[in-house]
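Here the sequence shown is numbered in the working numbering, starting from 1134 and rising by one per residue. Ideal placement from N, C-alpha and C gives every residue a C-beta, glycine not left out. Remarks on the structure that follows.
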Amino acid sequence: MGFPLPTELTCTILEYISHDDPHLAKYATISRDWPAIVESRTFSYLNIETSEQLAEFNELSWGQRGSYVRTLHLIVQLESYYDDDGDACLRYENEGEMQRNNKLFDTSTQSFFITLAKWPKEGAGFSLSIEAQSPDDILDQTPEDKRYRFGDFRDQRFERSYLQFNSEIVAIKWPAIPTDISLVIIGGHDRRQIEPASCSFVVSKLPRLYRLKPNLNDHYR
C-alpha cells in the first residue's frame, strides 16, 4: 500500500521532473495527494492566445484552481484578413472590419471577466495582461511567412484603428472582479491599438486593482 509523501518532497520531485518534461498534468493521477500540487504548478502561468483556448478557459471547472493562478495573459484573437480578399493586406482597415474587431474584442473580454468573477475571492491575486491580435498580423507570423509578405501594408494596416469597448455593455454585463490584480494593457507601438478611454472601463471592474501599466499610443485622437 502506498503512503503520502510530504508536500515539500512532492514539490521537489515535480521540480526535477519539469526540467525534462514540462507537461506535468499527467502526473496528477499518481496519488490522490498529487492533483492539487500538480495543478498549483500547471495553473500558475496561463497564456490564452486563440479563440479556442479562450473557450476552453471559460468552460473549465475552476473551483480552487483559480487560486493557483499567478500570471494570466490574454490575447484576444481578432478576425483573419490576409486571405480574405485580394487587397486586404494592401490597405487600411475599413469601417466594417473595425466594427467586427471591436465586437470580438468586447465579447471575448466580457466572457473572460465572467469566468474570472467565479474564482475564489480569498485568492492571493495575480498579474493580468490584455492585448489583441489577428492571426495575420506581422507580429504573429513566422520568419518564413514574413519574407513572403514583402510589399504589403504589414502593421500599417491597423495604424488608424483603435479597439473600443461598448461602455454600456461593460457597465451592465461585465462583472466586477473582487481580487487583487496587477493589470497591464498592451495596446500601442507595434501591437493592436486600444482606445485609452476603453482602458478606464476595464479598470472600473477591478475594485482591488493595485497596479496599472497601460502601454498605449499617446497620439490617439
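Checklist entry - How long is the line joining the alpha carbons of P1347 and K1251, rounded to whole angstroms? => result In the sequence shown, counting from the first residue as 1, residue 1347 sits at position 214. In the sequence shown, counting from the first residue as 1, residue 1251 sits at position 118. Distance between the alpha carbons of P1347 and K1251: 25 Å.
Next on the checklist: Which complete alpha helix (DSSP H) runs does the segment 1233-1319 hold, if anything under 4 residues is left out?
Outcome noted: 1276-1280, 1300-1306
Checklist entry - Around the Cβ of Y1201, are there at least 16 other Cβ atoms within 10 angstroms (buried) or fewer (exposed)? => result Position 68 of the sequence shown, counted from the start, is the residue given in the question as residue 1201. Answer is buried; the Cβ neighbour count reaches 16.
Checklist entry - How many whole angstroms separate the CB atoms of S1260 and R1203, which I take to be in contact at a CB cut-off of 8 Å? => result The residue labelled residue 1260 in the question sits at position 127 within the sequence shown. The residue labelled residue 1203 in the question sits at position 70 within the sequence shown. Rounded, the Cβ-Cβ distance is 7 Å, consistent with contact.
Checklist entry - Helix, strand or coil: how does DSSP classify L1193 here? => result Sequence index remark: in the sequence shown, residue 1193 carries index 60 (1-based). The answer is coil: DSSP assigns L1193 none of H, G, I, E or B.
Item to check | Separation of L1272 from I1314, as counted between CA atoms | outcome: Taking the sequence shown and counting its residues from 1, the one referred to as residue 1314 is at position 181. Taking the sequence shown and counting its residues from 1, the one referred to as residue 1272 is at position 139. Cα to Cα, I1314 sits roughly 27 Å from L1272.
Next on the checklist: Given this structure, state the Cα-to-Cα distance separating S1294 from P1329, to the nearest angstrom.
Outcome noted: Counting from one through the sequence shown, the residue named residue 1294 turns up at place 161. Counting from one through the sequence shown, the residue named residue 1329 turns up at place 196. If I take the Cα positions, the gap works out to 13 Å.
Checklist entry - Do the segment 1231-1240 and the segment 1290-1305 touch if we need at least three Cβ pairs shorter than 8 Å? => result yes
Checklist entry - Near Y1225, which residues of its chain fall below 8 Å by C-beta distance, leaving aside the five closest residues on each side in sequence? => result Here residue 1225 refers to the residue found at position 92 when the sequence shown is read from its first residue. F1286, Q1289, R1290, F1291, E1292, R1293, S1294, listed in sequence order.
Item to check | Bridge partner(s) assigned by DSSP for L1205 | outcome: As a first step, residue 1205 is located in the sequence shown; it is residue number 72 there, counting from the start. The partner list for L1205 (beta bridge, DSSP) reads L1179, L1261.
Next on the checklist: According to DSSP, is L1345 part of a helix, a strand, or is it coil?
Outcome noted: Reading the sequence shown from its first residue, position 212 is the one you call residue 1345. The answer is strand: DSSP assigns L1345 an E or B state.
Checklist entry - From L1316 to L1223, what does the alpha carbon distance come to, in whole angstroms? => result Indexing the sequence shown from 1 puts residue 1316 at position 183. Indexing the sequence shown from 1 puts residue 1223 at position 90. Each residue's Cα considered, the two are about 34 Å apart.
Checklist entry - Helix or strand or just coil, what does DSSP make of K1159? => result Start at 1 with the first residue of the sequence shown, and residue 1159 comes out as number 26. Unreliable positioning characterises K1159 in this predicted model, as indicated by a pLDDT of 44, which lies under 50. The coordinate reading is nonetheless provided below. Correct three-state label for K1159: helix.
Checklist entry - What is the rounded straight-line gap between the Cα of Q1255 and the Cα of S1331? => result In the sequence shown, the residue the question calls residue 1255 occupies position 122. In the sequence shown, the residue the question calls residue 1331 occupies position 198. Strictly speaking, residue 1255 in this sequence is Glu, with Gln absent from that position. So the two alpha carbons sit approximately 28 Å from each other.
Checklist entry - Which residue's Cα is closest to the Cα of I1327: A1221, L1349, L1179? => result Locating residue 1327 in the sequence shown gives position 194, counting from the first residue. Among A1221, L1349, L1179, the Cα nearest to that of I1327 belongs to L1349.
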